[in-house]
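These notes concern the structure reproduced below.
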Amino acid sequence: PTSAQPLPQVPIYVASFVVASAFLAMGVLVWLLRRGREEAWAFGLFSSFIAVQLFTAFDTYRQTAGYERAAINFFLLAAGVFHLFTTYPFEPRWIAPRRWLRSVLYGTAAVAAPIVWVEGRFGIPFFAMAQIGFLLMVAVTIVCLGDVAVERRRRRREEDVARADVMLLAAFGSFVPVLGLSIAETFLRTGFPIYLALLWFIVFPVSVAYGIVRKELFDIRHLARSSVAYGAATLAITGLYALLVAAADA
117 PTSAQPLPQV PIYVASFVVA SAFLAMGVLV WLLRRGREEA WAFGLFSSFI
167 AVQLFTAFDT YRQTAGYERA AINFFLLAAG VFHLFTTYPF EPRWIAPRRW
217 LRSVLYGTAA VAAPIVWVEG RFGIPFFAMA QIGFLLMVAV TIVCLGDVAV
267 ERRRRRREED VARADVMLLA AFGSFVPVLG LSIAETFLRT GFPIYLALLW
317 FIVFPVSVAY GIVRKELFDI RHLARSSVAY GAATLAITGL YALLVAAADA
């Protein structure tokens with residue numbers, strides 16, 4: 117933060133950094149413990165994209181290439197959400213012969229990236245790519261979560277359904293409030309501070325930590341001690357983030 121910014125902004129910057137770091141740490145942890153597994157790689161990528169979005173969430177236009185990075189990351193988030201939730205907790209039957217669709221979304225991000233840098237030229241309106249990327253991310257998230265819910269219902273008698281419940285509750289509890297408030301701000305200009313919505317992002321890593329300890333998410337076994345320690349650390353991060361946001365609003 118610069119000296120021109122009010123002091124209450126400082127806790128918000130710190131909080132966003134802490135929560136982004138929690139996502140990044142959880143993604144790296146799962147990938148390291150289950151390296152070589154497709155779902156671990158998908159989760160690692162997804163967590164990294166969320167972390168990037170949080171790192172660029174505040175004072176985006178003051179950061180070096182802040183807008184460009186945030187706009188490109190919308191497309192990467194769409195690809196990451198699709199990759200993760202068509203891989204874990206279930207791979208839907210319709211995706212098995214169409215796994216190439218995952219590459220299509222990553223390819224879309226690769227195509228969008230250079231276009232972001234030439235907005236305002238060649239007839240491309242300013243901010244067009246950010247809006248397209250945001251809408252794509254919202255649409256993919258809604259479709260994927262709906263698909264996981266349908267697949268969970270179809271497999272409700274299977275042993276792995278408890279893991280699906282954890283992932284679904286984590287996703288709905290974390291992302292739906294953020295998406296709802298972001299959409300309202302985008303189209304209705306409510307003036308609601310988006311950083312308060314970002315408080316809900318912490319629900320996801322906390323839920324995954326719980327799932328690792330109690331439901332063996334990602335088939336992580338024989339790691340109860342370290343998982344409990346990580347779960348406790350994540351809960352501590354939640355408390356810190358809530359405290360910082362409360363201080364910013366005081």
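Add 116 to the 1-based position in the sequence shown for my numbering, that's all there is to it.
By construction, the Cβ of each residue, glycine as well, lies at the ideal position given by its N, Cα and C atoms.
Since we're looking at a predicted model, the values are computed, not measured.
- Message: Buried or exposed, going by whether 16 or more other CB atoms sit within 10 Å of the CB of Pro181?
- Response: It should be noted that the sequence gives Ala, not Pro, for residue 181. Exposed, because fewer than 16 other Cβ atoms sit within 10 Å of the Cβ of Ala181.
- Item | Buried versus exposed call for Tyr177 [16 or more other C-beta atoms within 10 Å across all chains shown] | exposed
- Message: Below 8 Å, how does it come out for the segment 239-246 and the segment 265-272: are there three or more Cβ pairs, yes or no?
- Response: By the C-beta criterion, the segment 239-246 is judged not to be in contact with the segment 265-272, since fewer than 3 inter-stretch pairs fall below 8 Å.
- Message: Which residue marks the beginning of the alpha helix (DSSP H) containing Trp157, and which one marks its end?
- Response: Glu154 to Phe171
- Indicate whether Phe372 and Gly236 have their beta-carbon atoms separated by less than 8 Å. Beyond the ends of the chain as shown, which are 117 and 366, falls residue 372; an answer cannot be given.
- With 16 other CB atoms within 10 Å as the buried threshold, where does Ala340 fall? Confidence at Ala340 is low in this model, with a pLDDT of 47, below 50, so its placement is unreliable and the value that follows should be read with caution. Sixteen is the threshold: since fewer than 16 other Cβ atoms of the shown chains lie within 10 Å of the Cβ of Ala340, the residue is exposed.
- Touching by the beta-carbon criterion (3+ pairs, under 8 Å), the segment 188-204 and the segment 216-227: yes
- Query: Helix, strand or coil for Gln179 per DSSP?
  - Reply: coil
- Message: Considering only their Cβ atoms, is the gap separating Ser290 from Phe334 smaller than 8 Å?
- Response: no
- With C-beta atoms as the reference, is Ile299 less than 8 Å away from Val254? Between Ile299 and Val254, the CB-CB gap stays under 8 Å.
- Message: Please tell me whether Gly327 and Val264 are closer than 8 Å, where the distance is taken between their beta carbons.
- Response: no
- Message: Can you give me the C-alpha to C-alpha distance between Leu304 and Arg151, rounded to a whole angstrom?
- Response: 43 Å
- Query: What three-state label does DSSP hand Ala340 in the structure shown?
  - Reply: Interpretation of Ala340 is limited by its pLDDT of 47, a score under 50 that renders its predicted location unreliable; the figure taken from the coordinates is listed afterwards. Residue state, collapsed to three classes: helix.
- Item | Extent of the continuous alpha helix (DSSP H) run through Ile231 | Trp216 to Val232
- Val197 classed as buried or exposed, judged by whether at least 16 other C-beta atoms fall within 10 angstroms: Buried: at least 16 other Cβ atoms inside 10 Å.
- Message: Between which residues of its own chain and Ala286 is the CB-CB distance below 7 Å, once the five residues before and five after are set aside?
- Response: Val319, Phe320, Ser323 and Val324
- Task: My understanding is that Ala167 touches Ala187, with C-beta atoms under 8 Å, so please give their C-beta distance in whole angstroms.
- Result: Actually they do not touch by this definition, with Cβ atoms about 17 Å apart.
- Are Phe174 and Tyr129 closer than 8 Å when you measure CB to CB? For Phe174 and Tyr129, yes; Cβs fall inside 8 Å.
- Message: For Glu155 and Pro230, I'd like the C-alpha separation in whole angstroms.
- Response: 29 Å
- Query: Quick one, are the C-beta atoms of Pro205 and Asp276 less than 8 Å apart?
  - Reply: The answer is yes: Cβ separation under 8 Å.
- Thinking C-alpha only, which one of Val292, Arg279, Gly296 and Phe288 is nearest Ile336? Arg279
- Could you spell out the range, first to last residue, of the alpha helix (DSSP H) harbouring Ile78? Residue 78 lies beyond the range of the chain shown here (117 to 366); nothing can be said about it.
- Query: Below 8 Å between beta carbons: does that hold for Leu145 and Phe201?
  - Reply: no
- State the start and end residues of the unbroken alpha helix (DSSP H) segment that holds Phe320. Unbroken alpha helix (DSSP H) run through Phe320: Val319 to Arg330.
- So which of Arg215, Phe159, Val234 and Arg214 has the shortest CA-CA distance to Gly143? Phe159
- Item | Same chain, Cβ closer than 8 Å to Phe171, neighbours up to 5 away in sequence not counted | Ser132, Phe133 and Ala136
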